[in-house]
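Asker: Protein chains in written order, with the working numbering: chain A, 2 to 125; chain B, 184 to 661. Note that the Cβ used here is the ideal one computed from N, Cα and C, for glycine as well. Let me give you the structure first, and then I'll get to my questions.
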Amino acid sequence: VLVAAALAQALIVLPGRARYEWRIAREREPSPVNVIAPLRTYFRSTAFFARAAEMIPPRASYAVYDAGDALRLAAPYVLLPRRQVAVDRARWILSTGGAPPELARRIVKRTPLGEGIELLEVGG
Amino acid sequence: LSRSWLGPLVLDLALLATGASLLYGLGLVRGARALARLAGLAFVLGWAALGSALSLFLVLGLAGGTAELSLGFVLLVGLGLGASRVIAARPARPCVAHCRLDRWLLAVAATVATAYLGLQLARVVVDGTGSHWYWDAWAFWIPKAKSIFFFGGLDTSPGGFTSFPSPAYPPLLPAMQAAVFAAAGRADAGLLPVQEWLLAAGFLGALSGLLVPRVSGRALAPALLLVGVTPGFAKYIGSGLADEPLAFLIALSGLALLLAQRERDGRLLGLAAILAGAAALTKQEGLPLALLVVLAAALGALVVGERRSAARTATVAIAPLLATIAWRLWLHLNDVHYRADYSPARLLHPRWLIDHAGRLHYALGQVARTLFLSTDVWLLIALLAIALSLLLLRRAPEIALFAPTTLILGMLGFDVTYWIGRLPVVQWASTSTERVISSVVLSVAAMLPLLIERGLEPASAGAPGEQPSLAASSLTGG
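In structure tokens form, the structure reads like this:
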């Protein structure tokens, strides 16, 4: 009786659950970076990551400046093998608040990526 | 087919061959029919063994790429073949399930479970990296795997393996994810969900392969179906998280321990040890969970006066302990600084514990609700296991004690962890309980067929395949 009750519950839950999972899968945006859920709270689109990945050379160093933890934590998922390092050691900076004061003079290029994010290239 | 798909396919065949070799070495498989029946177990065992070998190579400073994969494969296959010379073959077991009238039940269960698994495969293929929306997956599990692939091992410099959150988590899962990248020749996270699906299918295959000759279809079919269609089981396939692979390892290790005790078979202890060792390398809680199933199984043997059996069971704990020591040693030698999510030292400060009793209160409710009342996630598995165990406690305490021990101690373990943790308990517990208890739930789900089988038998009968003395020494004296 116990096993039958558990099975009956499983079979009642199953169709609804399967429909739900299928709907979630179909409704998700296909972009691999848009899966990073917390970023969707702050940014309409996370396409800026794709643009950053095009501009920062593989194996180069970058930092995330003046942005929330979500952006800092999510960046390696997309940007590896680029290395995330401290701001003072980075050749590239993803920033939502302009250049860090100590590096302001060394910024050689600023590229708006959208969503209020800039990519800064630091000169030697 | 491009290398992106051919490479992982070759890797999967290597996992299957590795597991099959080890099963051959342990004497659990010595023929084509047994291999076909235990193919699911071979895949999971191969994943566990090769994952453990890669973790060890990484700890030793090697890269974790195709060379190390090949080395691990050759060593493990050689180990299996070598062991087969000293470990005698296990005698073929008479088939219990197929000899009874309930064969159709297994067919129905297999059909429904296969259809549901097929739906899950379609979901992960369509979803791709869309399955990686859990914080832990994109914040550290997959970046760690990519860092192993790109930087050639456990890189401790900025931006490397130890720079992500939870740096002290052991490396088996990222090592195996990196192995997929190495096989494919590129770090495409979209390849991982299908691999996780294969592991989940392997787990169900392992359960059925181990239990088909041991319990009747009436006992096996509903239990397998229940596990297969449990939303909590399907939900995390493709997630990129370590919780579900860990749950598979713990559940199969616990089942192997119970079968080893029941049949007094050291070969099954070897199987349990490999799985438990891999569990300890998969996640921080792998060690306590592996020790929990060892304790729960040993307790059952102790209660029926089988001290030797309990002692043999306890030896399995050596494997996860050694694995943990190796990883801890690497962390120490590489001076990896991390702040643990919880501090056991807080248990020694009664004042702190009293001041934070609210955390325990919340955790008790959250964990108990998720374990027993989350009917849309884990269904009635825990309640069913408790109810069946209570009904069989006098008749078959050696197996009936396993579920309550695992559930209650597991629940208390998570409660205490949340209590002494440093993260805000509401956010922490509400976002993690459902998945971290999966090891506990699947452990009791894996042994449900044994409980159901005993429940279906006449009160005076011993378990099929059970040694006479074990049945005779039960509490009932039966």
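Taking the straight line between their C-alpha atoms, what separation do you get for S656(B) and G488(B)?
Answerer: Its pLDDT being 37, under 50, S656(B) is placed unreliably by the model, and nothing is read from it.
Asker: So with CB distances below 8 Å, who are the chain D contacts of I325(B)?
Answerer: Of the chains in the structure shown, none is chain D; the protein chains are A and B.
Asker: Can you tell me the Cα-Cα spacing of V86(A) and S62(A), whole angstroms?
Answerer: Straight-line Cα distance between these residues: approximately 6 Å.
Asker: Closest by CA to L478(B), which one among Q444(B), G423(B), T507(B) and W230(B)?
Answerer: Cα-wise, what sits closest to L478(B) is Q444(B).
Asker: Is G234(B) near the ligand PLP - that is, is its Cβ less than 8 Å away from at least one heavy atom of it?
Answerer: Judged by which ligands are present, the structure shown has none, so any question about the ligand PLP falls away.
Asker: Can you tell me the Cβ-Cβ gap for L74(A) and A54(A), rounded? I've got them flagged as a contact below 8 Å.
Answerer: Actually they do not touch by this definition, with Cβ atoms about 16 Å apart.
Asker: In this structure, what does DSSP give as the bridge partners for P113(A)?
Answerer: E119(A).
Asker: Using the rule of at least 16 other Cβ atoms within 10 Å of the residue's Cβ for burial, across every protein chain shown, is D518(B) buried or exposed?
Answerer: Its Cβ having fewer than 16 others within 10 Å, D518(B) is exposed.
Asker: Could you name the residues of chain A that F347(B) contacts, counting a contact when the two beta carbons are closer than 7 Å?
Answerer: The answer, in chain order, is P77.
Asker: Quick check on the DSSP output: the beta strand (DSSP E) that includes A1(A) runs from which residue to which?
Answerer: No information on residue 1(A) is available, as it lies outside the stretch 2 to 125 that chain A covers here.
Asker: Kindly list, in the order they appear in chain B, the residues whose Cβ is closer than 9 Å to that of A6(A).
Answerer: Result: L563 and L567.
Asker: By the criterion of Cβ-Cβ separation under 8 Å, what are the contact partners of L104(A) in chain B?
Answerer: Ordered by position in chain B, no residue passes the 8 Å Cβ test against L104(A), which lies about 17 Å from the chain.
Asker: Which residues in the same chain as V193(B) place their Cβ atom closer than 8 Å to its Cβ, once the five residues preceding and following it in sequence are excluded?
Answerer: Once the five neighbours on either side are set aside, the close Cβ partners of V193(B) are A366.
Asker: Check Y545(B) in the structure and name its three-state DSSP category.
Answerer: Looking at Y545(B) - three-state DSSP - the assignment turns out to be helix.
Asker: Buried or exposed: G541(B), going by 16 or more other Cβ atoms within 10 Å of its Cβ?
Answerer: The residue in question, G541(B), is exposed, as its Cβ has fewer than 16 Cβ neighbours within 10 Å.
Asker: Starting from L408(B), find everything on chain A with Cβ-Cβ shorter than 8 Å and list it in chain order.
Answerer: Simply L8 and A11.
Asker: Secondary structure at Q85(A), three-state DSSP: helix, strand or coil?
Answerer: Q85(A) falls in the strand class under three-state DSSP.
Asker: Determine, for G400(B), whether the minimum Cβ-Cβ distance to residues of chain A falls below 9 Å.
Answerer: Cβ-Cβ to chain A under 9 Å: no for G400(B).
Asker: With a threshold of 16 other CB atoms inside 10 Å of the CB of T614(B), please say whether the residue is buried or exposed.
Answerer: Exposed.
Asker: Relative to the C-alpha of S391(B), which residue among L409(B), I537(B), L374(B) and L424(B) is closest?
Answerer: Considering only alpha carbons, the answer is L409(B).
Asker: Give me, in chain order, the residues of the same chain whose beta-carbon lies closer than 8 Å to that of L592(B); leave out the 5 immediate sequence neighbours on both sides.
Answerer: Correct list, in chain order: L475, L478 and A479.
Asker: Please list, in chain order, all residues of the same chain as Q549(B) whose beta carbon is under 6 Å from its beta carbon, the five residues on each side excluded.
Answerer: Once the five neighbours on either side are set aside, the close Cβ partners of Q549(B) are A612 and T616.
Asker: Taking the runs of the alpha helix (DSSP H) that are 4 residues or longer, which of them lie wholly in the segment 557 to 595 of chain B?
Answerer: You should have 564 to 575 and 580 to 583.
Asker: Taking the straight line between their C-alpha atoms, what separation do you get for S621(B) and L198(B)?
Answerer: Taking the straight line from one Cα to the other gives about 24 Å.
Asker: Return yes when the Cβ of A358(B) is within less than 9 Å of the Cβ of I331(B), no when it is not.
Answerer: Yes, these two residues count as a Cβ contact at 9 Å.
Asker: How would you call H315(B), buried or exposed, if buried means at least 16 neighbouring beta carbons within 10 angstroms?
Answerer: It counts as buried.
Asker: Within a Cβ cutoff of 7 Å, which residues of the same chain sit near A246(B), ignoring the five residues on either side of it in sequence?
Answerer: So the qualifying residues of the chain are G335 and G336.
Asker: Report the rounded CA-to-CA distance for H539(B) versus D598(B), giving the unit in angstroms.
Answerer: Roughly 13 Å separates the two Cα atoms.
Asker: Among all the DSSP beta bridges, which residues are the ones paired with S526(B)?
Answerer: DSSP lists no partner for S526(B).
Asker: Measuring alpha carbon to alpha carbon, tell me which residue in L571(B), G638(B), S436(B) and L482(B) is nearest G469(B).
Answerer: That would be S436(B), whose Cα lies nearest to the Cα of G469(B).
Asker: With A6(A) and L634(B) assumed to form a contact (beta carbons below 8 Å), what rounded beta-carbon distance in angstroms separates them?
Answerer: A6(A) to L634(B), Cβ: 15 Å. No contact.
Asker: Determine whether the Cβ of G343(B) lies closer than 9 Å to any Cβ atom of chain A.
Answerer: True, the Cβ-Cβ gap to chain A drops below 9 Å.
Asker: Are the Cβ atoms of R273(B) and L211(B) separated by less than 9 Å?
Answerer: Yes, Cβ-Cβ distance for R273(B) and L211(B) is below 9 Å.
Asker: Which residues in chain B have a C-beta closer than 9 Å to the C-beta of A87(A)? List them in chain order.
Answerer: P341, listed in chain order.
Asker: If you compare alpha carbons, which of V88(A), R84(A) and A100(A) is closest to T112(A)?
Answerer: Measuring from the Cα of T112(A), the nearest candidate turns out to be A100(A).
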